[in-house]
Amino acid sequence: MLCKYVLTVAGVSYDIPISCLRNWDDIKYSLKRSELAGVVRTFTSKFEFIDLAYDLLLEEYLKNEFNSNASVTVLGIDNNHIYSNELFTCQLDFSTFSHDGYVLNYLAPNQH
883 MLCKYVLTVA
893 GVSYDIPISC
903 LRNWDDIKYS
913 LKRSELAGVV
923 RTFTSKFEFI
933 DLAYDLLLEE
943 YLKNEFNSNA
953 SVTVLGIDNN
963 HIYSNELFTC
973 QLDFSTFSHD
983 GYVLNYLAPN
993 QH
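In the working numbering, the protein residues as written are 883 to 994.
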């Protein structure tokens with residue numbers, strides 16, 4: 883499936899290339915219906931950022947530490963070749979932030 887990744891940092895959205903996600907091939911989502919109450923989206927909870935995304939997120943963390951605000955949105959392409967189908971959006975948990983000088987690791991516990 884063709885996807886577009888949008889990183890929102892401190893309220894500013896950036897279209898990031900797939901090369902900014904080191905573990906892009908591990909990012910998956912699924913729809914589950916466990917009962918009659920509705921459908922639940924589940925997705926990969928670990929994101930590894932490099933390059934531009936690394937720089938943006940590290941700058942936000944150094945400025946605001948645990949008060950930082952960032953999210954990842956994955957958009958799918960529709961029949962008109964427009965990225966309008968939101969597959970999922972999740973906040974990045976800055977309390978799980980770690981980096982090694984090249985890769986930023988985050989967990990994303992919140993999903994909707």
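For glycine and all other residues, C-beta sits at the position ideal for the given N, C-alpha and C.
In this text, all values refer to a predicted model and were calculated from it rather than measured experimentally.
Is the distance from the Cβ of residue i to the Cβ of residue j below 8 Å?
i, j, result
"PHE948", "SER977", "yes"
"SER901", "ASP937", "no"
"LEU957", "LEU986", "no"
"SER966", "ASP960", "yes"
What is the rounded straight-line gap between the Cα of residue i and the Cα of residue j?
i, j, result
"THR955", "LYS886", "8 Å"
"LYS945", "GLU917", "43 Å"
"LEU884", "GLY893", "25 Å"
"TYR896", "ASN962", "22 Å"
"TYR984", "TYR943", "15 Å"
Take residue i and list the residues in its own chain whose beta-carbon comes closer than 6 Å to its own, dropping the five residues that flank it on each side.
i, result
"ASN992", "Unreliable positioning characterises ASN992 in this predicted model, as indicated by a pLDDT of 47, which lies under 50. A coordinate reading is not provided."
Grab the span of the beta strand (DSSP E) containing residue i for me, first residue to last.
i, result
"ALA952", "952-959"
What first and last residue would you give for the alpha helix (DSSP H) that runs through residue i?
i, result
"ASP933", "933-946"
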